[in-house]
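Numbering of the sequence shown is given in the numbering used here, commencing with residue 16 and proceeding in unit increments. Please read the structure below before turning to the comments.
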Amino acid sequence: MRRRTCWMAAVAGAATLAGAGAAWWRYRPAPLHDAAQQTFWRSQFEGPNGELLQLADWRGRPLLLNFWATWCPPCVEELPLLNAFYRAHAARGWQVLGLAVDQPAAVRSFTQKLPLDFPVGVAGLAGIELSRALGNASGALPFTVVFSASGAVLHRKVGKVSQSDLNEWAQGG
């Protein structure tokens, strides 16, 4: 009986490790596509109310870019954390930009219910392609990219950010 229990525990452990490895493999950031950073800085999007956001205007200070959607529960859960990060670090030069993979009306309605202090652009499905070019091979949401003041990609994360992620990034931005 004891031998069977040990054997089953070993199989369960191996299955857990295999699952964790598969998740890491699927959601790890991929290498940046050629010219992805230049394409990013040349992009422009409309805000939920039609205002134009030219990403080149964001260059020169650290930028935390978050791809999200109103229909994505982990995205919605992390927005208050990102908003708090923006409020706490804006005076130190940090910028935060949300790019919604969504429709303008949905984003407008959402931001009326949950106002955000940082700007939001509406990227639609083009946002998924842009996130893929920046290393989000699976196209999963949320996806966060941290750019240096010079415009280079410093960090990328597929999935919900944590306070420890933000703390680490703020130290190196």
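We put the beta carbon where it would ideally sit given N, CA and C, even for glycine. All figures in this text were calculated on a predicted structure; none of them were measured in a lab.
Chain-order list of residues whose beta-carbon lies under 7 Å from that of residue i (same chain, five-residue window excluded)
i: P63; result: P119, V122, R123, T126, V135, V137
i: A164; result: G75, R76, P77
Residue i vs residue j beta-carbon contact at 8 Å
i: L140; j: V116; result: yes
i: S146; j: F158; result: yes
i: L181; j: C87; result: no
i: L68; j: L94; result: no
As assigned by DSSP and simplified to three states, the class of residue i
i: R107; result: helix
i: Q118; result: coil
i: A60; result: It is worth fixing the name first, because residue 60 is Phe in this sequence and not Ala. Of the three classes helix, strand and coil, the one that applies to F60 here is strand, per DSSP.
i: R125; result: Arg is not the amino acid found at residue 125; the sequence shown has Phe there. Residue state, collapsed to three classes: helix.
i: G142; result: helix
i: L80; result: strand
Limits of the alpha helix (DSSP H) - the one that residue i falls within
i: G187; result: 178-187
i: Q69; result: No alpha helix (DSSP H) holds Q69; the beta strand (DSSP E) holding it covers 67-69.
N- and C-terminal bounds of the beta strand (DSSP E) containing residue i
i: R171; result: 168-173
i: G136; result: 135-137
Close Cβ partners of residue i (< 6 Å) along its chain, the five nearest in sequence each way excluded
i: T85; result: D117, A121, F125
i: F133; result: Y101, V111
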